[in-house]
Amino acid sequence: MTASCCHHHLVAPGAPAPAAVAAAPGATFVCPMHPEVRSERPWDCPLCGMALEPTGAAAVDGPDPELATMTRRFVASAALSLPVLALAMGGMIPGDPVARLLPPAWSAFVQLALAAPAVLWAGAPLFARGWASVVARRLNMFTLVALGTGAAFGYSVVATLFPSALPAGFLDHHGRPHLYFEAASLITALVLLGQVLELRARHAAAGAIRALLALAPPSARRVGPRGDEDVPLAAVVVGDRLRIRPGERVPVDGAVVDGSGCVDESMVTGEPVPVEKAPGDRVTGGTMNQAGGFVMRAERVGKDTLLARIVERVAEAQRSRAPIQRLADRVSAWFVPAVVAIAAAAAAAWVAFGPEPRLAHALLAAVAVLVVACPCALGLATPMSIRVATGRAARAGVLVRDAAALERLAAVDTVVLDKTGTLTEGRPRVTGIHAAQGFEAGEVLRLAASVERGSEHPLASAVLAEARARGIAPREVRAFRSVTGAGVLGRVDGADVVLGSAELLADRGVDVAPLAPLAQALAAAGETVLHVAANGRLAGLVGVADAVKPTAPGVLDALRGEGIRIVMLTGDASRTAAAVAHRLGITDVRAGVAPERKADVVSRLRDRGAVVAMVGDGVNDAPALAAADVGVAMGTGTDVAMRTAGVTLVNGDLRALVRARRLSRATVRNVWQNLAFAFVYNAVGVAIAAGALYPAFGVLLSPVVASAAMSLSSVSVIGNALRLRRVAL
51 MTASCCHHHL
61 VAPGAPAPAA
71 VAAAPGATFV
81 CPMHPEVRSE
91 RPWDCPLCGM
101 ALEPTGAAAV
111 DGPDPELATM
121 TRRFVASAAL
131 SLPVLALAMG
141 GMIPGDPVAR
151 LLPPAWSAFV
161 QLALAAPAVL
171 WAGAPLFARG
181 WASVVARRLN
191 MFTLVALGTG
201 AAFGYSVVAT
211 LFPSALPAGF
221 LDHHGRPHLY
231 FEAASLITAL
241 VLLGQVLELR
251 ARHAAAGAIR
261 ALLALAPPSA
271 RRVGPRGDED
281 VPLAAVVVGD
291 RLRIRPGERV
301 PVDGAVVDGS
311 GCVDESMVTG
321 EPVPVEKAPG
331 DRVTGGTMNQ
341 AGGFVMRAER
351 VGKDTLLARI
361 VERVAEAQRS
371 RAPIQRLADR
381 VSAWFVPAVV
391 AIAAAAAAAW
401 VAFGPEPRLA
411 HALLAAVAVL
421 VVACPCALGL
431 ATPMSIRVAT
441 GRAARAGVLV
451 RDAAALERLA
461 AVDTVVLDKT
471 GTLTEGRPRV
481 TGIHAAQGFE
491 AGEVLRLAAS
501 VERGSEHPLA
511 SAVLAEARAR
521 GIAPREVRAF
531 RSVTGAGVLG
541 RVDGADVVLG
551 SAELLADRGV
561 DVAPLAPLAQ
571 ALAAAGETVL
581 HVAANGRLAG
591 LVGVADAVKP
601 TAPGVLDALR
611 GEGIRIVMLT
621 GDASRTAAAV
631 AHRLGITDVR
641 AGVAPERKAD
651 VVSRLRDRGA
661 VVAMVGDGVN
671 DAPALAAADV
681 GVAMGTGTDV
691 AMRTAGVTLV
701 NGDLRALVRA
711 RRLSRATVRN
721 VWQNLAFAFV
731 YNAVGVAIAA
741 GALYPAFGVL
751 LSPVVASAAM
761 SLSSVSVIGN
771 ALRLRRVAL
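Under the working numbering, the first residue of the sequence shown is numbered 51, with each subsequent residue one higher.
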């Protein structure tokens, strides 16, 4: 029985809450194995019994009270269990040295006195979670632990207080009942040890969020009318001017307004090479200024910064479920009832066919089966790998929206790439100035830049940027006029200037034939050709192109090396698209595709059996991103594209796509390793605990050994998942 909270979220019905959790007010608590289980209070999960943990930044604020509580209980249980073990083992030593100091009857009472707090107080959370699982009708690992330790301890109490009430099948050859206080107390101690190790491992898995949060400095140096002052980061508002000195981290997102610096942006790009920053350049909160100093203007603060959004995205991804988790869920649904049935069958078999004392052996086998068959490793197999992988992805410049996207990315065999802003810079640049006879290149650029001063076209921005780079100051333009789709006209220094297409110049009587072959060659190479004329004479040509990103060729080669099919999808004209595709070695080009038809292209590829990843950056790419098996957005693109995509390349660096796919494949491989280990462990462990080796080898698994194996199985799964933190990308 479960109570609902916040629609589909579940909370445990009256489950005991752990010590007050040091989480931020209003924090949401979520189960690490069942992310659909959420609560506003720190209950135990009704599905698996594990303590809910705070999400996001709250998960790392202050010490972990659950870990502290479990550690105290483990220490107490272990300290009390060791003398119980010594008393129990004394009878197995020749001459029974313990019996000389303490008669067997008194030894039993001393064991009871020591084992009672070790089991009932130290193990109280285990019994509480086991009982909660029965009430909720969701049997889990704590159900088995509570049954096993409860049976061993309860029987031993009866055997100590009322030995005459026991059947002969429980008595040894001396006529004394077997006691299992040492098994009950040591099982409790070992289960608590497993919980401590597991909590520590989960704490380590959350290191990605802690590392990201640590990137933000606690304060910022604000530049004011009275000079500089240090203020808390929370006090920074949009528009503040902040001074960044060498060795300091950028506190918020913004733009450089004065000075220059050399900024390490590896937290965004995954690349260790520092980037030069000058006035007008954007800087990101959390990045490190290694050299130089500058003043920046704050543009995004608080939850709006890229770092804050990365933290939230990582936290959401860590709480999501991968499709592969369904396998573990199906097994877990019948696993615990099956284990209880196997324990009962093993006990019955020992009673019917086992050697004397049959009942004692039957109890021992049943307890061992219940304890060794812990489904915790099975439940942790997928969530822990996903949690570690999403944190590792964030450090590599990749944001994963959910576990499903991370899993699907490993199966992708076709990558569809938008051209503008994905394969190319998305910003036209002047590639060359070609002067006609009687003119110089500088003069041609000055005329073009002067007449473009009145235009807002992207090509105008490219011309003006080139003029600034060459130190050429545009002159004043008069009588400016724009001809839609053709070019611009104006009067510069008394000369009538025309800039635009060959047709526009020809309509005004300008002979463009002298440079026509060159113009055709530039156009064939995918460049946009701007013709420049002054006073009716052809002055020259300005070639403008959207440059291919320097990293694109290497990325495409890496994808091809992994057997990935590459498709370029663009709305540009075929000639321009073909030129870019030729430079990148892409043979499958879909050009002239309207924005609303891009999703149709992706859908057709999927209908033919391809597993498609669509990579884009614009609003017009959003439908195609949603239609793909995995949508990959460039972090330099629009918010719409990033919200639609399952994966975001934070800095728009295509190399992060290769890193993301490698991590995806490593994660899926890691999950299957965990699941295989959990399945094999439980199958073999249950068989040995039931007594499968006894007929041939005389080996019967001790419940204490079973408990140690159960705890280590979970830790092994988590340890394997933590290897993803060091996977080479």
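Where is the CB? At the ideal position from N, CA and C, for every residue including glycine. All values reported here derive from a predicted model rather than from experimental measurement.
Through-space distance from residue j to residue i, alpha-carbon basis
i	j	result
V594	T578	5 Å
P6	R271	No answer is possible for residue 6: it lies beyond the span of the chain, which begins at 51 and ends at 779.
M760	L265	38 Å
A155	V422	31 Å
R715	L414	43 Å
P600	G471	12 Å
A69	A196	Because the pLDDT of A69 is 39, which lies under 50, any placement of that residue in the model is unreliable, and the number read from its coordinates should be weighed accordingly. Distance between the alpha carbons of A69 and A196: 21 Å.
D546	R451	55 Å
A446	L772	16 Å
I143	V80	With a pLDDT of 49 at I143, under the threshold of 50, the predicted position of this residue should be treated as unreliable, though the coordinate-derived value follows. The alpha-carbon atoms of I143 and V80 are separated by roughly 50 Å.
A758	L97	23 Å
V307	M338	17 Å
G635	E516	29 Å
Q161	A128	14 Å
L242	V401	31 Å
R122	P115	11 Å
G320	P567	Residue placement at G320 cannot be trusted, given a pLDDT of 49 that sits under 50; the coordinates are not used to answer.
A499	E526	10 Å
V480	L514	9 Å
Three-state class that DSSP yields for residue i in the structure shown
i	result
K327	strand
H632	helix
F727	helix
N339	strand
V125	helix
S532	strand
R271	strand
V87	coil
T355	coil
P564	helix
Span of the alpha helix (DSSP H), counted from its first residue to its last, around residue i
i	result
T481	Taken as a continuous stretch (DSSP letters only), T481 belongs to no alpha helix (DSSP H), being part of the beta strand (DSSP E) at 474–485.
R781	With the chain running from 51 to 779 in the structure shown, residue 781 is simply not present.
A174	174–185
P508	508–519
F192	191–211
E493	491–502
Burial state of residue i (16 or more Cβ within 10 Å)
i	result
W384	exposed
S624	exposed
P217	exposed
G476	buried
Q245	buried
V736	buried
K353	exposed
A510	buried
V110	The predicted model places V110 with a pLDDT of 48, which falls under 50 and marks its position as unreliable, so this point remains unresolved.
F747	exposed
A396	buried
H507	exposed
Cut-off 6 Å between Cβ atoms - residues of its own chain near residue i, not counting five sequence neighbours on either side
i	result
E232	V134, L135, A138
M664	V466, V652, A674, L675, A678, G681
P213	P227
T698	L449, A683, G685, M692
R711	L459
L539	R531, V548
G404	H411
L572	V579, G593
Cβ shell of residue i (< 7 Å), same chain only, five flanking positions each side left out
i	result
P324	C312, V313, D314, Q340
A552	V562, A569, H581
F489	A589, G590
A631	M618, V639
V169	T199, F203, A234, S235, T238
A461	V661
Close-in-space but distant-in-sequence residues of the same chain around residue i (CB under 8 Å, 5 per side omitted)
i	result
P268	P282, L283
Endpoints, beta strand (DSSP E) assigned at residue i
i	result
G590	587–598
T578	578–584
L751	Run containing L751: none; DSSP gives neither H nor E here.
Check: residue i C-beta below 7 Å from any heavy atom of the ligand ATP
i	result
P324	As for the ligand ATP, it is missing from this structure, which has no ligand bound.
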